[in-house]
Structure formats: C-alpha cells, structure tokens
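The sequence shown begins at 632 in the numbering used here and counts up one residue at a time.
For glycine and all other residues, C-beta sits at the position ideal for the given N, C-alpha and C.
All values derive from a computational prediction rather than experimental measurement.
Reading through the structure tokens given below for one structure.
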Amino acid sequence: MYTSDFIKELQLTRSKYYSECHILIEQLIDESLKVNFEACEHLRFGVSRRLNILSESLNELFILTPPDLSEDAGRERRSLANAHLHAFLINACGIIDNMAWFIAFHYELDAVVKKKHEVGLFHRKFKSHLPNKIAAKAAEFTDWYNFLISQRHPTAHRIPPYIIPYIESSKDGTKDYTPGYIHSHKEGNIVPLHPQLLCDLGAILELIKALLEDVINSYA
632 MYTSDFIKEL
642 QLTRSKYYSE
652 CHILIEQLID
662 ESLKVNFEAC
672 EHLRFGVSRR
682 LNILSESLNE
692 LFILTPPDLS
702 EDAGRERRSL
712 ANAHLHAFLI
722 NACGIIDNMA
732 WFIAFHYELD
742 AVVKKKHEVG
752 LFHRKFKSHL
762 PNKIAAKAAE
772 FTDWYNFLIS
782 QRHPTAHRIP
792 PYIIPYIESS
802 KDGTKDYTPG
812 YIHSHKEGNI
822 VPLHPQLLCD
832 LGAILELIKA
842 LLEDVINSYA
C-alpha cells in the first residue's frame, strides 16, 4: 500500500510521460522524413508506433488497476489490464530493437546489417557503433535493460505475467490490493506495477531523446 504522496507522484509522472510521449512521436515522424527509406521505416513505423502503444497501455493500466486500488479489481478488469501489461513489455523491448535498426540504417552500417543477431542497442559488438549521446545513455541503463528483458522473455516464450489480485498477510489475514505482477512463483518475485512501468517508460524516453539529439547532430 502506497502513501497518498507517493500515489500523487505516480499520477503526476504518468501525466508528464504521456505528454512527453506524444511530443516525441511528432518529432520522430518529422525526423523520419529526412532519412533514407530503411531508417524511416524503423523510426516512423517502429519507434513512434511502439511509443504510442506504450503510452496508451500505461494510461489504461492506471485506469483499470490504479495505484490506490483498495478492493479486488475483478476478473474482467484484470484480464484487460494483463493484456495491456503484455503489450507494454513486448513493445518496451521492441522499441529498443527499432532504435538499433534505425542507427544501423541511418549510419549505413552495411557490414553490421548483414549480421542481424548483432544489431542491438545493448549488444556488446554493436555498442562501438553507437553515436555519443545514446552510447552514454545505453551505458547508464544497462542494468535496467537486463531487468527489462528478464520480464519480456517469459512474456514471449514461457509464462506470461499476470497482475495478482492481492497479497494476504500471513499474520492477520489482511489483504493488500496494491497492483503488482509476476510471471511464475517459481522463477521470480512480485514486481510493483506502476513504479516499474514508469521506470521503464522513463528510461525509454531518455533513450529516444538521446537518439534524436544524435540524429540532429549527424546533419551538422
């Protein structure tokens, strides 16, 4: 259960990020018109489209399973929330792949493009090809990315996550309905829903801003 001040902070951050997403989407579309066809595909239909999905899915999760939830959300609402959670996790990883492919095509890294398995923003061999701003951000967010893919891979290949109904105290039987999610009780721990997804989107926004700055500098 969160404090009222923390809930207010979560809501303010959600609102801020939602606005930032749609400002960046417009910037991404504008920049996509200035680059080659392959780079445009990944910037306009990859990064910008996925960013829209991330912003809308996060928004819906705050509506369906709000951070101040104090009763069972019900099966129908949880099912819809789970669908948005899956969409968020898959596209959070996908948008990073699109950024890497954009870099590969924009900077004409032909030799790298031929080795598809090495194209990745956080791939060891690809890091040497990253422009300055996004290289610094990728180094800063390496631990975060490792956690993100630990959440994404089970979603795509093993046990999909679900938002738990509540946590029941072993001491007095009281129930805490604060939304959290887990993949498998055998493989992981409960992840606080709203703080983690805001952390994820915040990191993605920082990466996109760095990418756009590098792209603009590449024209100089």
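Classify residue i as helix, strand or coil using the three-state DSSP reduction.
i      : result
Gly819 : coil
Tyr808 : coil
Ile795 : coil
Asn713 : helix
Lys756 : coil
Leu740 : coil
Lys802 : coil
Ile726 : helix
Ile790 : coil
Asp699 : coil
Asn667 : coil
Lys747 : helix
Going by DSSP, what residue range makes up the beta strand (DSSP E) through residue i?
i      : result
Gly705 : Unbroken run through Gly705: none, as it is neither H nor E.
Gly811 : Gly811 to Ile813
Would you check if the distance between the CB atom of residue i and the CB atom of residue j is smaller than 8 Å?
i      : j      : result
Arg675 : Ile654 : no
His760 : Val744 : no
Thr773 : Phe753 : yes
Tyr648 : Gly833 : yes
Leu689 : Ala712 : no
Leu779 : Asp831 : yes
Leu716 : Pro796 : no
Which stretch, first to last residue, makes up the alpha helix (DSSP H) that contains residue i?
i      : result
Asn763 : Asn763 to Glu771
Gly833 : Leu824 to Ser849
Lys647 : Ser635 to Ser663
Phe676 : No alpha helix (DSSP H) holds Phe676; DSSP gives it neither H nor E.
On the CB-based measure, 16 or more other CB atoms within 10 Å of its CB, does residue i come out buried or exposed?
i      : result
Gly811 : buried
Leu664 : exposed
Lys764 : buried
Lys768 : buried
Tyr850 : exposed
His673 : buried
Lys809 : With the sequence shown as reference, residue 809 is identified as Thr, and Lys is not the correct amino acid for it. Thr809 is buried by the Cβ-count criterion.
Ile847 : exposed
- Item | the region 638–653 in contact with the region 823–834 per 3-pair CB rule at 8 Å | As far as the Cβ criterion goes, the region 638–653 touches the region 823–834, which means the pair count is three or higher.
- Task: Check whether the region 833–844 touches the region 730–748, taking contact to mean three or more Cβ pairs, one atom from each stretch, closer than 8 Å.
- Result: Yes, they touch.
- Query: Using 8 Å as the threshold, is the region 739–758 in touch with the region 800–811, meaning 3 or more CB pairs across them?
  - Reply: Contact between the region 739–758 and the region 800–811 is absent, because fewer than three Cβ pairs lie under 8 Å.
- Query: Taking three-plus beta-carbon pairs below 8 Å as touching, is the region 682–702 in contact with the region 720–728?
  - Reply: Touching, per the Cβ criterion.
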